[in-house]
Structures are given as structure tokens and as C-alpha cells.
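**Student:** I have a structure here, written as C-alpha cells, and I will follow up with some questions on it.
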Amino acid sequence: MSNLILVENLTSKVGEKLPMSVDKKDAPKKKFLEIICPYCSSVNFVKRGTRQKKNEVVQLYLCSDCRKTFTPGKTKGKHYPISVILDAISLYYLGYSLEEVVERMKKIINANKTDIDTKMLGTGTLLEWINQYEPLCAFARMRPFALKLFSPEK
């Protein structure tokens, strides 16, 4: 038996049941792309508008349970739009080196005449993205074998 105190049978002065305590290991696991409230882990939310970040517009959500506003966790703290991140990771898994991907992405961003600042885009940033999103990339474990057989252009 764990060290948790179960309070389901206790009642308050008004006659309401007190909530049961929940162990963290029993809490539902969050899937990689699932959006949940970061405050109360609820999946009951509605769209509440958008927020303009430096390089993109992000969707805001309002939790129906705790009434707090939040943004999706995987895009939180990112300076670049998710489309730029995915394009860079895709180029890397096509076989290009980190330096080649950074140069190509800078050219693509500048050619599209967007207001995205490319000063911070470097090999370190790209490597962080690759490590963070590796569970989403089915080709991640096959890249070394593919590079032996094919060049990036093929």
C-alpha cells in the first residue's frame, strides 16, 4: 500500500465528499502531440483566439475546468514557426549535413520574403530540434544506412 491517504469516505462540514488523492504514476500519460491543459491536465478546452508572436501566430486555448488560457506545449518557447522546424528536419533526414540544412533554410526563408529573423538559426538550434522531435520521425534510425546507399539529391 502506498503512503497516500485516501479521503474518499471522509465528508466535510457541509456534507460534500472530499476528492481522492491521486498518485502521479496513476495520472494519465500524455501522448506526444496531444494537447492538454498544462495547469490541470484536462482535455476539456475551447479555442480562445490567437496570439501574435515574433515570427508567427499561435492558437490560444481556454481550459473549461480551471478557466486558464494556454498555448500548445510543443510550440511553447519556439522562436521559429513549426513549419520552418519541420522543413529543416525534413532536409536533414533527406541526407544533408547540419551546415547544409542551415544554409538552405536561410535561403528558403529569405526567398519567401518573410519577416523571420535567421540570425539565431544555426547548427546547434537544428540539432536541438532533431533531438526533440526524433520520436515523430520514423526515418531517424534509418538515416545512417540511407546515406551509405544514396546521396541527398537522389
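Taking my numbering as reference, the numbering of the sequence shown is continuous, increasing by one, and the terminal residue is 173.
Where a beta carbon is used, it is the ideal one built from N, C-alpha and C, also for glycine.
None of these values were measured; they are calculated from a predicted model.
Select from Val62, Ile101, Tyr99 and Gln78 the residue whose C-alpha is nearest the C-alpha of Arg85.
**Tutor:** What you label residue 85 is simply residue 66 of the sequence shown in a count that begins at 1. The amino acid occupying residue 85 in the given sequence is Cys; Arg does not appear at that position. Nearest C-alpha to Cys85: Val62.
**Student:** Is it a yes or a no for the region 146-158 touching the region 100-115, going by three-plus beta-carbon pairs under 8 Å?
**Tutor:** yes
**Student:** In this structure, what does DSSP give as the bridge partners for Arg70?
**Tutor:** The sequence position of residue 70 within the sequence shown is 51, counting from 1. In the DSSP output, where bridge partners are listed per residue, Arg70 has Val77.
**Student:** In the DSSP output, which residue or residues are listed as bridge partners for Cys156?
**Tutor:** Here residue 156 corresponds to residue number 137 of the sequence shown, with the count starting at 1. DSSP, once it has assigned bridges, lists no residue as partnering Cys156.
**Student:** So Thr142 and Leu117 are supposed to be a Cβ contact under 8 Å. How far apart are they, rounded?
**Tutor:** By one-based count along the sequence shown, residue 142 stands at place 123. By one-based count along the sequence shown, residue 117 stands at place 98. Yes, they are in contact, since the Cβ atoms of Thr142 and Leu117 sit about 4 Å apart, within 8 Å.
**Student:** Apart from the five residues on each side of it in sequence, which residues of its chain come closer than 7 Å, Cβ to Cβ, to Glu75?
**Tutor:** Locating residue 75 in the sequence shown gives position 56, counting from the first residue. Answer for Glu75: Pro100, listed in chain order.
**Student:** Among Cys56, Tyr58, Pro163 and Ser60, whose alpha-carbon lies nearest the alpha-carbon of Tyr115?
**Tutor:** Locating residue 115 in the sequence shown gives position 96, where the first residue counts as 1. When each option's Cα is compared against that of Tyr115, the closest is Pro163.
**Student:** From Lys126, Tyr80, Lys173 and Ala157, pick the residue whose C-alpha is nearest to that of Ile55; which is it?
**Tutor:** Sequence index remark: in the sequence shown, residue 55 carries index 36 (1-based). Checked all of Lys126, Tyr80, Lys173 and Ala157; the closest Cα to Ile55 is Tyr80.
**Student:** Would the beta-carbon of Gln78 fall within 8 Å of that of Lys87?
**Tutor:** Residue mapping note: residue 78 aligns to position 59 of the sequence shown, counting from 1. Residue mapping note: residue 87 aligns to position 68 of the sequence shown, counting from 1. Not a contact, by the Cβ cut-off of 8 Å.
**Student:** Report buried or exposed for Lys158, applying the criterion of at least 16 other Cβ atoms within 10 angstroms of its Cβ.
**Tutor:** Looking up residue 158 in the sequence shown gives position 139. The amino acid at residue 158 is misidentified as Lys; the sequence shows Phe. Exposed.
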